[in-house]
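15 is the number of the first residue of the sequence shown in the working numbering; add one for each residue after it. Ideal Cβ placement from N, Cα and C applies to all residues, glycine included. Computed from a predicted model, the values in this text were never measured in an experiment. Data block below; observations after.
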Amino acid sequence: MKKYLLFFTFPCFFLFPMMFVYQSSLFGSPQSLTEENDYGTMGPVSFKKRSKHFQLKTCKSLVSQMNTSIPILLIDVVFLQMLEKESCETCIGKPIKIGVDVKHLSATWILEDPRFEVLYFTNESAKDYLDFRSDPRKIIPKKFPTRWVGNVEVPNNIKMFVGFWQRAKFAECLNLHIPRAGAKVRMPARPSSAVLARLRDEIIENEMFPFLNGGTLLGWYRECSVIPHTQDMDISVFAEDYNSGFVEKMERNDSSFMIRRKFGMTNDSFELTLAPKDGFRVFIDVFLMYPGIENGTVTHHWVGGVSPDGTKYKYTYPVYDPWCAADLHGHIFWVTCTPNEKIVKEYGKLWYLDHLTSKYSWNSSGKNVKRNGKWTKEQMKEVYKVFKG
Ligand SMILES: *[C@@H]1O[C@H](CO)[C@@H](O)[C@H](O)[C@H]1NC(C)=O
Ligand SMILES: *[C@@H]1O[C@H](CO)[C@@H](O)[C@H](O)[C@H]1NC(C)=O
Ligand SMILES: *[C@@H]1O[C@H](CO)[C@@H](O)[C@H](O)[C@H]1NC(C)=O
Ligand SMILES: *[C@@H]1O[C@H](CO)[C@@H](O)[C@H](O)[C@H]1NC(C)=O
Ligand SMILES: *[C@@H]1O[C@H](CO)[C@@H](O)[C@H](O)[C@H]1NC(C)=O
Ligand SMILES: *[C@@H]1O[C@H](CO)[C@@H](O)[C@H](O)[C@H]1NC(C)=O
Numbered sequence: 015m016k017k018y019l020l021f022f023t024f025p026c027f028f029l030f031p032m033m034f035v036y037q038s039s040l041f042g043s044p045q046s047l048t049e050e051n052d053y054g055t056m057g058p059v060s061f062k063k064r065s066k067h068f069q070l071k072t073c074k075s076l077v078s079q080m081n082t083s084i085p086i087l088l089i090d091v092v093f094l095q096m097l098e099k100e101s102c103e104t105c106i107g108k109p110i111k112i113g114v115d116v117k118h119l120s121a122t123w124i125l126e127d128p129r130f131e132v133l134y135f136t137n138e139s140a141k142d143y144l145d146f147r148s149d150p151r152k153i154i155p156k157k158f159p160t161r162w163v164g165n166v167e168v169p170n171n172i173k174m175f176v177g178f179w180q181r182a183k184f185a186e187c188l189n190l191h192i193p194r195a196g197a198k199v200r201m202p203a204r205p206s207s208a209v210l211a212r213l214r215d216e217i218i219e220n221e222m223f224p225f226l227n228g229g230t231l232l233g234w235y236r237e238c239s240v241i242p243h244t245q246d247m248d249i250s251v252f253a254e255d256y257n258s259g260f261v262e263k264m265e266r267n268d269s270s271f272m273i274r275r276k277f278g279m280t281n282d283s284f285e286l287t288l289a290p291k292d293g294f295r296v297f298i299d300v301f302l303m304y305p306g307i308e309n310g311t312v313t314h315h316w317v318g319g320v321s322p323d324g325t326k327y328k329y330t331y332p333v334y335d336p337w338c339a340a341d342l343h344g345h346i347f348w349v350t351c352t353p354n355e356k357i358v359k360e361y362g363k364l365w366y367l368d369h370l371t372s373k374y375s376w377n378s379s380g381k382n383v384k385r386n387g388k389w390t391k392e393q394m395k396e397v398y399k400v401f402k403g
């Protein structure tokens with residue numbers, strides 16, 4: 015009896031796949047089948063029109079049929095993408111992945127519920143991410159728009175949420191002890207990480223996914239912190255994801271950051287230096303990272319730099335893979351999944367030794383930096399902008 019009820023309440027998950035298996039074994043190829051099935055059972059109505067109506071109804075009712083007595087978060091990327099396309103009739107026949115806060119660990123019945131595949135997460139107030147007890151461990155930012163359908167929390171911006179999930183695999187830092195006798199701290203780790211997290215959120219709101227690089231990546235990986243004598247922080251965004259709305263908003267004063275420097279063109283060596291308008295003062299360099307294409311394949315990635323005299327520099331990395339997530343003083347940041355490889359390329363084999371910022375030349379110390387031509391005097395008027403503030 016109970017099983018029958020389930021069939022009727024959740025036709026998409028159970029009935030559909032069953033029909034599929036049944037019919038495909040009878041008639042062969044699944045593709046011709048779906049169509050035959052639609053026409054066969056519902057008569058000669060316009061296929062497009064009817065299926066749209068059908069889809070809309072199915073998606074909505076599916077979500078409302080997921081209601082439970084404890085709050086759950088829909089995290090099933092495949093299902094969410096179908097929801098976005100309003101085409102839930104192609105349900106996958108698997109239970110839907112949901113996130114449940116560990117504070118509801120005692121509600122063990124949810125584990126028996128055939129509608130769901132449960133992934134527990136912790137939601138600590140001192141951290142700005144949800145920490146999933148999956149294997150491998152995954153973390154995603156806490157802050158994303160959602161709506162509630164009963165007790166079901168549904169992410170609103172599916173593209174953003176899927177982007178979080180693609181970058182969720184947790185990466186560990188080494189936490190090496192770096193001896194530094196009495197050196198002055200220019201960059202206190204906690205407030206500077208908090209400002210970087212604020213910028214991260216603004217960049218995410220502008221539909222981009224920033225990742226740590228340069229000295230900030232090195233500090234995170236080596237020390238699980240921020241190198242104290244550094245003068246700025248570094249993050250990158252893939253050039254193909256660049257959204258000019260981000261800079262336009264800052265230029266309209268519609269941001270909590272201001273532009274201090276803007277170098278290059280968005281298609282070549284683009285770099286911004288930003289500073290927060292209030293709170294702890296820290297300069298953050300945002301680089302666009304470009305694919306290095308040779309003979310039609312991406313063989314490396316690079317970011318640019320420029321001297322006041324117009325000399326351009328190229329910092330080259332192995333093909334970049336910013337699909338992992340890390341903790342920096344309670345804040346989530348995306349990082350390369352192969353930090354050792356990237357850091358050796360930039361800082362050399364002795365990367366684990368401290369190199370004083372005062373003795374580090376931005377355009378010659380890196381092992382991965384090469385001159386890359388020169389902007390003309392005329393171009394420099396456009397590509398080298400320094401603002402005061
Ligand atoms: C995490 O906790 C915060 C309160 O600290 C709450 O607003 C938020 O909804 C929680 N997120 C989830 C997914 O449970
Ligand atoms: C969802 O379930 C809760 C708890 O059983 C109930 O209070 C609520 O009214 C339900 N909401 C919807 C939309 O069904
Ligand atoms: C920028 O916006 C802030 C409020 O966010 C305001 O206090 C400030 O005066 C504005 N600055 C300019 C130059 O418009
Ligand atoms: C970048 O765009 C400008 C025009 O905005 C063009 O003149 C220049 O050649 C482009 N540079 C590259 C490397 O594609
Ligand atoms: C690109 O192709 C050319 C000619 O086919 C070859 O000489 C060259 O070595 C190739 N370069 C790389 C990086 O594969
Ligand atoms: C590095 O940049 C400085 C200016 O910041 C310049 O004087 C120097 O010549 C540059 N070095 C190289 C190797 O390009």
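- The Cβ atoms of Cys238 and Asp145 lie no closer than 9 Å to each other.
- Beta-bridge analysis with DSSP links Val166 to Ile86, Val163.
- Across the set Lys263, Lys356, Glu221, the C-alpha of Lys356 shows the shortest separation from the C-alpha of Gly380.
- In the DSSP assignment, Met279 falls outside any alpha helix (DSSP H) and within the unbroken beta strand (DSSP E) covering 271-279.
- Between the alpha carbons of Asn354 and Pro305 lies a distance of about 20 Å.
- Boundaries for Asn386: no alpha helix (DSSP H) harbours it, while the beta strand (DSSP E) harbouring it runs 383-388, taken from the DSSP string.
- In this structure, the CA atom of Val114 is about 15 Å from the CA atom of Pro128.
- Under the DSSP definition of a beta bridge, Met303 partners with Phe252.
- Looking at Val317, Asn189, Lys157, Asp292, the one whose alpha-carbon comes closest to that of Val300 is Val317.
- Secondary structure at Met222: coil, using DSSP grouped into helix, strand and coil.
- One residue after another in chain order, those with a Cβ under 7 Å from a heavy atom of ligand 2 are Ser78, Asn81, Thr82, Ser83, Val163, Gly164, Asn165.
- Contact annotation, Ala339 with Phe184: C-beta distance approximately 6 Å; criterion of less than 8 Å satisfied.
- Rounded to whole angstroms, the gap between the alpha carbons of Val199 and Ser206 is 12 Å.
- Residue ranges of uninterrupted alpha helix (DSSP H) with 4 or more members, entirely inside the region 303-371 and ordered along the chain, are 353-361.
- When the five nearest sequence neighbours on each side are left out, the beta carbons in the same chain lying within less than 8 Å of the beta carbon of Asn386 are those of Ser283, Gly318, Lys326, Tyr327, Lys328, in order along the chain.
- Residue nearest to Gln79 within the set Trp234, Lys395, Trp162, Val358 is Trp162 (criterion: CA-CA distance).
- Distances from the CA of Tyr134 to each of Arg236, Ile86, Ser270, Thr390 were compared; the closest alpha carbon is that of Ile86.
- Among the bridge pairs identified by DSSP, Met264 is matched with none.
- Proximity to ligand 6 was defined by a C-beta distance below 5 Å to any of its heavy atoms, and the residues meeting it, in sequence along the chain, are Ser321, Asn377, Ser378.
- The beta carbon of Asn257 lies closer than 8 Å to those of Asn220, Glu221, Met222 in the same chain, with the five residues before and after it left out.
- Secondary structure at Ser139: coil, using DSSP grouped into helix, strand and coil.
- Taking C-alpha positions only, Arg214 is separated from Lys388 by approximately 31 Å.
- Nearest to Asp248 by C-alpha distance, out of Thr313, Lys395, Trp348, Asn81, is Trp348.
- For Glu285, the enclosing beta strand (DSSP E) covers residues 282-290.
- Taking 8 Å as the cut-off, one finds no heavy atom of ligand 1 near enough to the beta carbon of Gly380.
- Take the alpha-carbon of Thr122 and the one of Arg147: they are about 16 Å apart.
- With a cutoff of 8 Å, Lys111 does not count as near ligand 1, since its C-beta is closer than that to no heavy atom of the ligand.
- Judged by DSSP secondary structure, Ile241 falls outside any beta strand (DSSP E); it is assigned neither H nor E.
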